[in-house]
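Working notes, beginning with the structure itself.
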Amino acid sequence: MTRLRQERFSEARDLLERASQGAGASRWTEALASARFFASLGEAETAGQANDSRRSEALLNQLLASAATPEQKSLVAVQLGDLLMLQSRYAEARAAYAQAEGASADASYKIANAEAAEAAADGNPQRAETAYREALERGGGGDPWLRYAFAGFLLEQGRSSDGAAIIQPLQTSTSAESLYAAALYYNQAERPADALRLLHRVPEAGRTAEMRSLEAEIGLADAEKQARALAASGRANEALALLDRLNVPGASVGQQIRLGGAYYALGSRDRAASLASAAAAQSGGSATSVEPLVRLLAHTGQDETALGVIQRATGGSTTSAAARRLYSVLAVASADRLREDGMRAEAFDVLQSGWSVAPQDPAILVSLGRLYQDGDMTQEAAQVFELALQRKPGDPDALTGLADTSSAQGDFAKARQSYRLLLRDRPQDVNAYLTGARVEQAAGDRRAARRLLEQADALGQPRGLAAGSAFTVANPFRNASQTRASVPINPFAPETLRGVGRSSDGEPVRTPVQQALAELESDDAPMVDAAVEARVRSGEDGLSRLNALTTTISASTLVGQGRIGLSVAPTVIDAGDLNRSASARFGRNATAEALAIVAQQPTVLATPDSQYAAGVALSVYYESPTISADVGSTPLGFERKNVQAGFTWRPRLGAHGALKVFAERRPVTDSVLSYAGAADPVSGRSWGSVMKTGGGIGASWEQGGTGLFGDVAYRAYAGQRVSDNKALELNIGAYRRLYGSDALNVTAGISLNYQAFDRNLSYFTFGHGGYFSPQSFVSMAFPIDARWKRGDWSINAQFSPGYQTYQQDAVALYPEDPTAQGQLTALKLLNNDVRAQYDSESRSGFAFSGGVEGWHQMGATAIGLDARMNTFGNYDEYRMNLRLKQAFGAGQ
């Protein structure tokens, strides 16, 4: 009886059972029944704490059936309801609590709490909030876990201030349990300093293992933020080294899951998978508590293990709200992993299966929207995000996706409406401001983008995003390319953390928000761009050969939505000296050669100057996302100076298309004659300096890594004492992505080019222009393009093998001088060795072009190197370009 009064029920039961075997057994009947009841109740509680929910539930159901008094029945019913709540079996929990009504003071508010949790799980926030408030009014105000659940629900709705008001009474409490519940809330709200302050109010001796684990997780979160910031700045090795120092034996399940998530975010799946497996081996807990573990297991490809965790947490149920939620988490995380691996068809199938289990879960729709978005199916993605918002108005992921997809389609009104709703509902969420910055950047409103980024930077670290039927169509990815769309480095991307710190070598780590601001400042800042280009074109010395060196220095500043600038380009071009054969085909020397042939005398040719020119080109220009314009001069100092100008308009055509309309007047830079002009050594008169004037229109379309393009242009060619010419050019092509990831994107395609000039003016006698002008030119190429970017480095490489065929008509030596040409024709009648025209020519064969371009970013400075070659046409050309860009006044 003493053990019974001490509530040592198992010992009391054992002693009373022994006493009942002797004389006077009836004396102990009532006490033994009480001891057995409370001992079994204790065993059920112990089993539940050991995560053996099945045994705990079985014991409680047995007790509920055999309870002798209303008081005993209410105790069992409440404990059973609490167990079912941990498994998110809310309807069953409500039924259990109902059996305690009238005998338990807690039953009424616990019933309302279960109703609230069920409504929240079913996506009915209005009913959930009403039920939570009823629970408080029915006497649940003193229950810290009711307040924690209600405040967490409000936080998920983006109502952080309302959540803080609900949790506030716990902050003033001296109860360790209340302080722990409040600390959990502030940790969830990503206010680690407040969470630690509350934990430190619990006396050291009174801190449980769970409290110490939470404290360690908060410390881990700071290091995790620094690791993510390091990785975002391109220092992935330092980030992984930092996480490795935190990966120590003895970590709690929560710490293992958090650290595993950090490894996964940095791309270290093997280490993330190892930690997930270790956590799964130790984990038990409620359906709600295992959700992060299920997500990490699915992200690391351990779906079978995740299924086992779900079955343990839900007691094998597949129809309860908790089970549907966990199966949805599993489907979404698995689909996201498959999508990131480029397996979009498999991801679609996984989401479709998940939808059949949890057909009302908007998280599946959001994941489907991301899948469509990744496949450049922006219209379908927007429709799915809108469907998700119908089921869960205000869902942050759906609003973010709708803002991005609407922006991609050029519907900036809807994009702005979406991100402003996000800001209204989540005014403390940095990711909402990042979404707005992306939209405004795409819309061309850089000032608005800067303002949003500055607000994001001031707010602090971001709150992480949550991890008709949309599946009535066939799998659109089943027969599509299974490579992932290339994702360019985007300083406004979500899933970033604002944590600050320094790397292991003491260098400050810029956060992603700060990086975005710095890049925006760099784009907006006054900028100087210096480039040195060396160009070598094969050909005959003094005629078609060309060596060119151009140094271009430009300075620009932001005006409106674009940049206006001034460019100065000192240029030197050189074709070398002409030998005797070349001299005979230069200027009017052909006449002297013909006269000598007829007279059978040695030819006396006028000696041309070395073909060399130098000058400085000037221009002013304006560039914006849709318009480019410039006006300037060809190099001052050349034989002849000309005005050059250009205008280009690039509007969008829906979500996937673009149009290009252009007009231009440009120099023809094939040779010294065509570019600078030359002096005839016989007459002293200058000729050449050809300008092409014309325009064209083009269009392109791209979706899911597949693209088409085409353009047509018409130009008129005119030069000083050069025959006029006209040309038509057509281009058409297509390409497809072969491989895509965050770092590397590879595409391959086919392109066709057709050109036709009215006249062949390719030569260097007086009246010719010295530029390649075939009457028919056709080429087919198979370009392969690879683009790689990591951190501050980027490399683009292109290789384009192909085949070409062209034909040039026979043409007179002096197309602009009938008298001189008539003299040559008459001389040819006297001696057939006289050259009176250039013969027709046709050639076919293989050709290729290619190049490599690399850039390195160092704060506000960028250095680039570009090397290219091209063997299409009637010459081989090689280019090398060294560039330096410097922004002034930008964040370093």
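Taking this note's numbering, the leading residue of the sequence shown gets 1284, the next gets one more, and so forth.
For glycine and all other residues, C-beta sits at the position ideal for the given N, C-alpha and C.
Source: prediction; values computed, not measured.
Using a C-beta cut-off of 8 Å, the stretch 1958 to 1968 makes contact with the stretch 1910 to 1924, since at least three inter-stretch Cβ pairs fall below that distance.
As for any beta strand (DSSP E) of minimum length 3 sitting wholly inside the stretch 2066 to 2111, the runs are 2067 to 2073 and 2076 to 2091, ordered along the chain. Comparing alpha-carbon positions, the option among A1381, S1357, S1391 and N1396 lying closest to M1368 turns out to be N1396. Under the three-pair Cβ rule at 8 Å, the stretch 1496 to 1505 counts as touching the stretch 1467 to 1484. Nearest to T1989 by alpha-carbon distance, out of V1903, D1659, D1712 and D1708, is D1659. Distances from the alpha-carbon of R1948 to those of D1728, S1916 and I1847 put S1916 closest. L1479 has no beta-bridge partner at all, per DSSP. With a 10 Å radius around the Cβ and a threshold of 16 neighbouring Cβ atoms, E1401 comes out buried.
For Q1844, there is no enclosing alpha helix (DSSP H), since its DSSP letter is neither H nor E. For Y2000, the secondary structure class from DSSP, reduced to helix, strand or coil, is strand.
Inter-segment contact for the stretch 1996 to 2005 and the stretch 2016 to 2029 is absent: fewer than three beta-carbon pairs are separated by less than 8 Å.
By the neighbour-count criterion, in which a residue is buried when 16 or more other Cβ atoms sit within 10 angstroms of its Cβ, M2141 is exposed.
In the three-state DSSP reduction, Y1904 falls in the strand class (E or B). For the pair of segments examined, the stretch 2072 to 2082 was found not to touch the stretch 2098 to 2106: the number of CB pairs separated by less than 8 Å stays below three.
In the DSSP annotation of this structure, the continuous segment of the beta strand (DSSP E) that includes D1913 starts and ends at I1910 to S1916. Annotated as distal: L1503 and G1543, with beta-carbon spacing of 7 Å or more. Per the coordinates, the alpha-carbon of N2014 lies some 16 Å from the alpha-carbon of G1977. CA-CA distance, D2122 to G1937, rounds to 50 Å. The alpha carbon of F2047 has as its nearest neighbour, out of A1606, P1809, V1973 and A1492, the alpha carbon of V1973. A1889 is not a Cβ neighbour of L1826, given a cutoff of 7 Å. Excluding residues up to 5 positions away in sequence, nothing lies with its Cβ nearer than 7 Å to the Cβ of Q1700 in the same chain. Rounded to the nearest angstrom, the Cβ distance from E2136 to N2079 is 5 Å, consistent with a contact under 8 Å. For S2045, same chain residues with a beta-carbon under 6 Å away, outside a window of 5 residues either side, are F2055 and S2056 in chain order. In the DSSP annotation of this structure, the continuous segment of the alpha helix (DSSP H) that includes M1368 starts and ends at P1353 to L1369. In this structure, the straight-line span from the alpha carbon of V1649 to that of S1600 is close to 25 Å.
Look at R1948 here: in three-state DSSP terms it is strand. Following the DSSP letters along the chain, one finds A1447 inside the alpha helix (DSSP H) bounded by residues S1443 to Q1454. By the neighbour-count criterion, in which 16 or more other beta carbons inside 10 Å mark a residue as buried, Q1345 falls on the exposed side. For E1816, the closest of L2148, L1479, A1476 and T1602 by C-alpha to C-alpha distance is L2148. DSSP places S1850 in the strand class (E or B) of the three-state scheme. Counting only residues of its own chain and dropping the five nearest sequence neighbours on each side, L1347 has a CB closer than 6 Å to the CB of V1359. Spatial neighbours of S1535 in its own chain (CB-CB distance under 6 Å, excluding positions within 5 residues in sequence) are listed in chain order as S1496. In the DSSP assignment, R1820 is bridged to L1829 and E2160. Annotation for K1975: R1949, V1951, R1998 and Y2000 place their beta carbon closer than 6 Å to its own, counting only its chain and skipping 5 residues before and after. Leaving aside the five residues that flank V1899 on each side, the residues in its chain whose CB is nearer than 8 Å to its CB run, in chain order, V1851, A1852, P1853, T1854, P1918, L1919 and G1920. Between the C-alpha atoms of Q2087 and L1525 there is a straight-line separation of about 56 Å.
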